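**Student:** I'd like to ask some things about the structure below.
Protein chains in written order, with this note's numbering: chain A, 28 to 386; chain B, 792 to 1067; chain C, 316 to 591.
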């Protein structure tokens, strides 16, 4: 990301962190531009939360520098780094009202009560929770709690907002609404924000940029499109999208033989499934396969076919002719990722070239 | 009475429970009620307002109150130390807190008494240095009650302190609170209900305590005579009416204390669990 | 965790206060008992504890304790089973009544039995005809011991069973298992350590009960004197070596109980961790 000539606002340089024998962060280098909404994405135990907590000053790195707005902040307590933190389970103070929760950070800073009142009512308006100020956290819905936690973190006007799994504790339906709400809110406030998630859909939908972590290392930083179209490592290639790993890819027709490649990755959008005779274009280059399973996905169907012992997924619109389990279908593979250690290349079906030449 | 459940064994377990409960607790309690109902109100009032009896209540309640306050403060410190700090001897400390539950009260009583008489290990020091007598004074009673009450507060605060979500403290810290503010505003409100509950249990237990107190009290009328001892004295004179009258007032006091606590706890629970 | 780390002076001040407080209030009395028991040499100690009446008193204490443990185990298991596995009306009242005995002063506990079975009671002539004497006799002592330890076992079992829920029992019942199979195979493994722990607590309290037993005992040497009562007798008779020697037996029991408690708690926790 730093190569995009945007000045980094939050920067981690050569960060290492151990918890006992566990190496939680390995040479972590990241740079986050001002005003961006960034997701830290990775499986659990990949070290994403540790990175967030080190930025917040809740953990100290063993080595490396944490830089915010050009200043090294390693020795500055978290509360003085200009950071708002939204905790995974919100950590609202149970014995305080909504008002007192939001006012807490301001009271600690000895802000005059009059200003506190103004700021709190401004924030309550922002989170559309006017009239709830006298309630206790237990009397709020999950979504409201999250909003209050958000307002509490914003109250002291932080420059950076950190959110730890902000949607993990909410029902699926509310979660979608809240995602959109949070993205709008952050865009409106122009506040540099970093959130941790293990849900790639969430990261792709909400974030401007995504940092993928795995086993304590940063695998790749980039926009969702970049991660999608040019994964930098095999981990990213497998982690992003609904990927299927194929070992015997050299049996697939019309693909160049790549000697040194070890495995290939297919995603549903790389594959098309046709009923017999449905497509004229690719008949000669299609593979024959049997439908193993069909999963209704609401707007479309996921069709799983068995091809050379691999279960491959593809999506079909519900408006297309129906295929059935056990039916023999034509499967056309447009492209696949070939992986060799950490070198990745996208290869296309050669028949595409030939046929386009013919046509 | 019974709601349908697929699990068998309601009848037998309920039956056994009610039978044993009736034989050991309910029937004897009923006989207390029946006996109390037979007391004439004037006699009852005369008995419980006798200066010696009133002074007995006063001694019991005041010493129990002071001891429970001491235990609330020390119990809070002990619970805090046991939950938040690592240090050598921690398991030992944790282990001996339960000693007052395990050691017979009479044994504790004679030991504390013998130690604190003007010839005893501790008593001699205090008497020689400050002229303070411990055994056979209200101070002695208070000390015996502190001994009895130690585990109550520790054991009710400790689990609550262990369960406090660290995120709440981190949230306070991120918002700029220092340790003191964090303790006062975030941790203390969390443990206050448990602290009150521990205090109340200790207080109720100490008011009725007999075994450990009777030796150290010296039992001087109007000075160090506790209410349970007055009941005992009436029983030995076979004056059951007087004994029952005094006991009824004590039960009433215990009932009031425990009810206040129950109300307080349920109002806190309401606030925290959101049933309003 | 970093914000909870604290190695400031406050930590050590609080730890030192804790150690001092517990040493003075808990350990010193314990050491005092042992040192006084052995003050006149091991010979005198052995003579004291092998005294005929001491042994008889110890036997009676063991007898009452065994009764209390047996009755309260049955009660504890059935009460915990019906209170946690079923929903029924009056549940709250039932559990209040089970917990009631510990909040009652031991002297009042003694009093209610005197009122129930004493000479003035309507039951007395009936029992007397059958040749049963309860008050100032062994049955009274046993009853009083059961009463004061009444909820000790159920109180340990109920939280464990509540946390465990009813899913497993329901599954077993659906597969056609009967009450005792479900209890033995499904429920019992969960409550094993809690039950043992409850038994240990019950034993501790039963052995040491003084007040209630004191009311109901005829104070007959070798007949109705339990160990704590006999200790009182020796102490009142200025036989301090004897009193403290007899006490040392109970101190030893208390120490064993504390160690058992730690072991059981550790086992219970370990099992819980494995399940998680």
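All residues carry an ideal CB built from backbone N, CA and C; glycine is no exception.
Computed from a predicted model, the values in this text were never measured in an experiment.
Which chain A residues sit within Cβ distance under 9 Å of residue 958 of chain B?
**Tutor:** What residue 958 of chain B touches in chain A: 114, 115, 116, 117, 118, 191.
**Student:** On the criterion of 16 or more Cβ atoms from any shown chain inside 10 Å, does residue 390 of chain C qualify as buried, or is it exposed?
**Tutor:** Flag for residue 390 of chain C reads buried.
**Student:** Where do the N-terminal and C-terminal ends of the beta strand (DSSP E) with residue 364 of chain A fall, by residue?
**Tutor:** Counting along the chain, the beta strand (DSSP E) containing residue 364 of chain A begins and ends at 362-367.
**Student:** What number of angstroms, rounded off, separates the C-alpha of residue 889 of chain B from the C-alpha of residue 43 of chain A?
**Tutor:** Looking at the two C-alpha atoms, the distance is approximately 45 Å.
**Student:** Quick one: which residues of the stretch 502-534 of chain C get their C-beta closer than 8 Å to a C-beta of chain B? List them in chain order.
**Tutor:** Here the close residues are 516, 519, 520, 522, 523, 524, 525, 526, 529, 530.
**Student:** Apart from the five residues on each side of it in sequence, which residues of its chain come closer than 8 Å, Cβ to Cβ, to residue 576 of chain C?
**Tutor:** So the list reads 512, 515, 516, once near-sequence residues are dropped.
**Student:** Using a C-beta cutoff of 8 Å, does residue 47 of chain A count as contacting chain B?
**Tutor:** It does not: the Cβ of residue 47 of chain A has no partner Cβ on chain B nearer than 8 Å.
**Student:** Going by C-alpha distance, which of B/990, B/915, B/916 is nearest residue 1152 of chain B?
**Tutor:** The question about residue 1152 of chain B has no answer here: the residues shown for chain B are numbered 792 through 1067.
**Student:** In this structure, how does DSSP classify residue 970 of chain B when only helix, strand and coil are distinguished?
**Tutor:** Helix.
**Student:** Give me the subset of the stretch 563-581 of chain C whose CB atoms are less than 7 Å from a CB atom of chain B, sorted by chain position.
**Tutor:** Residues passing the 7 Å Cβ filter: 565, 566, 569, 572, 573, 576, 577.
**Student:** Which residues of the stretch 939-963 of chain B have a Cβ closer than 8 Å to any Cβ of chain C? Give them in chain order.
**Tutor:** If the cut-off is 8 Å between Cβ atoms, the stretch 939-963 of chain B has 941, 957, 960, 961 near chain C.
**Student:** So with Cβ pairs under 8 Å, would you call residue 131 of chain A a contact of chain B?
**Tutor:** Yes - at least one Cβ of chain B is within 8 Å of the one on residue 131 of chain A.
**Student:** Is it true that the CB of residue 822 of chain B sits closer than 8 Å to the CB of residue 341 of chain C?
**Tutor:** The answer is no: Cβ separation not under 8 Å.
**Student:** Excluding the 5 residues preceding and the 5 following residue 584 of chain C in the sequence, name in chain order all residues of the same chain whose CB lies nearer than 7 Å to its CB.
**Tutor:** Once the five neighbours on either side are set aside, residue 584 of chain C has no close Cβ partner at all.
**Student:** Tell me, which residues are paired with residue 241 of chain A by DSSP?
**Tutor:** In the DSSP output, where bridge partners are listed per residue, residue 241 of chain A has A/244.
**Student:** What three-state label does DSSP hand residue 1053 of chain B in the structure shown?
**Tutor:** Correct three-state label for residue 1053 of chain B: helix.
**Student:** Can you tell which of A/54, A/207, A/214 has the C-alpha that lies nearest to the C-alpha of residue 188 of chain A?
**Tutor:** The shortest Cα separation from residue 188 of chain A among A/54, A/207, A/214 belongs to A/214.
**Student:** Three-state secondary structure (DSSP) at residue 269 of chain A?
**Tutor:** Coil.
**Student:** Around the Cβ of residue 440 of chain C, are there at least 16 other Cβ atoms within 10 angstroms (buried) or fewer (exposed)?
**Tutor:** With fewer than 16 other Cβ atoms within 10 Å, it is exposed.
**Student:** So that I know if they touch, is there some Cβ in chain C lying closer than 8 Å to that of residue 846 of chain B?
**Tutor:** Closer than 8 Å: no.
**Student:** Whose Cβ in chain B lies nearer than 9 Å to the Cβ of residue 400 of chain C?
**Tutor:** Result: 796, 798, 800, 801, 804.
**Student:** Secondary structure at residue 464 of chain C, three-state DSSP: helix, strand or coil?
**Tutor:** Three-state result, residue 464 of chain C: coil.
**Student:** Which residue's Cα is closest to the Cα of residue 1018 of chain B: B/940, B/1028, B/839?
**Tutor:** The shortest Cα separation from residue 1018 of chain B among B/940, B/1028, B/839 belongs to B/839.
**Student:** With a threshold of 7 Å on Cβ separation, who are the neighbours of residue 501 of chain C within its own chain once the five nearest residues in sequence on each side are excluded?
**Tutor:** Here the set comprises 483, 484, 487.
**Student:** Could you have a look at residue 320 of chain A and say whether DSSP puts it in helix, strand or coil?
**Tutor:** In the structure shown, residue 320 of chain A sits in a strand (DSSP, three-state: E or B).
**Student:** Verify the CB distance criterion: does residue 332 of chain C have a CB-CB separation below 8 Å to chain B?
**Tutor:** Interface residue, yes.
**Student:** Under 8 Å, with one C-beta from each stretch per pair, do the stretch 551-566 of chain C and the stretch 358-374 of chain C reach the 3-pair mark?
**Tutor:** Segments in contact, yes.
**Student:** Under 8 Å between C-beta atoms, does residue 601 of chain C make it to chain B?
**Tutor:** Shown here, chain C extends from 316 to 591; a query on residue 601 of chain C therefore has no answer.
**Student:** Considering only the alpha carbon of each residue, which of A/323, A/211, A/130, A/103 lies closest to residue 181 of chain A?
**Tutor:** Of the candidates A/323, A/211, A/130, A/103, the one whose C-alpha sits nearest the C-alpha of residue 181 of chain A is A/130.
**Student:** Against residue 75 of chain A, what residues of chain B qualify as contacts under a CB-to-CB distance less than 8 Å, listed in chain order?
**Tutor:** Simply none; closest approach about 17 Å.
**Student:** Run through the stretch 428-452 of chain C for me and flag every whole alpha helix (DSSP H) of 4 or more residues, listed as ranges in chain order.
**Tutor:** Fully enclosed alpha helix (DSSP H) runs of 4 or longer: 438-444.
**Student:** Taking Cβ positions only, does residue 31 of chain A come closer than 8 Å to chain B?
**Tutor:** Confidence in residue 31 of chain A is poor, its pLDDT being 47 and thus under 50, which makes the residue's placement unreliable; the coordinate value appears in the next sentence. With 8 Å as the cut-off, residue 31 of chain A does not count as an interface residue toward chain B.
**Student:** I'd like the list of long-range same chain contacts for residue 116 of chain A, defined as Cβ closer than 7 Å, with 5 residues on each side in sequence excluded.
**Tutor:** Cβ within range, chain order: 196.
**Student:** Touch check for the stretch 983-1000 of chain B and the stretch 412-430 of chain C: three-plus C-beta pairs under 8 Å?
**Tutor:** The answer is yes - the stretch 412-430 of chain C touches the stretch 983-1000 of chain B, with three or more Cβ pairs under 8 Å.
**Student:** Which runs of the beta strand (DSSP E), 3 residues or longer, sit entirely within the stretch 62-105 of chain A?
**Tutor:** Listed in chain order, they are 64-68, 90-95.
**Student:** Can you pull the chain B residues whose beta carbon is under 7 Å from the beta carbon of residue 481 of chain C, in chain order?
**Tutor:** Within 7 Å Cβ-Cβ: 798.
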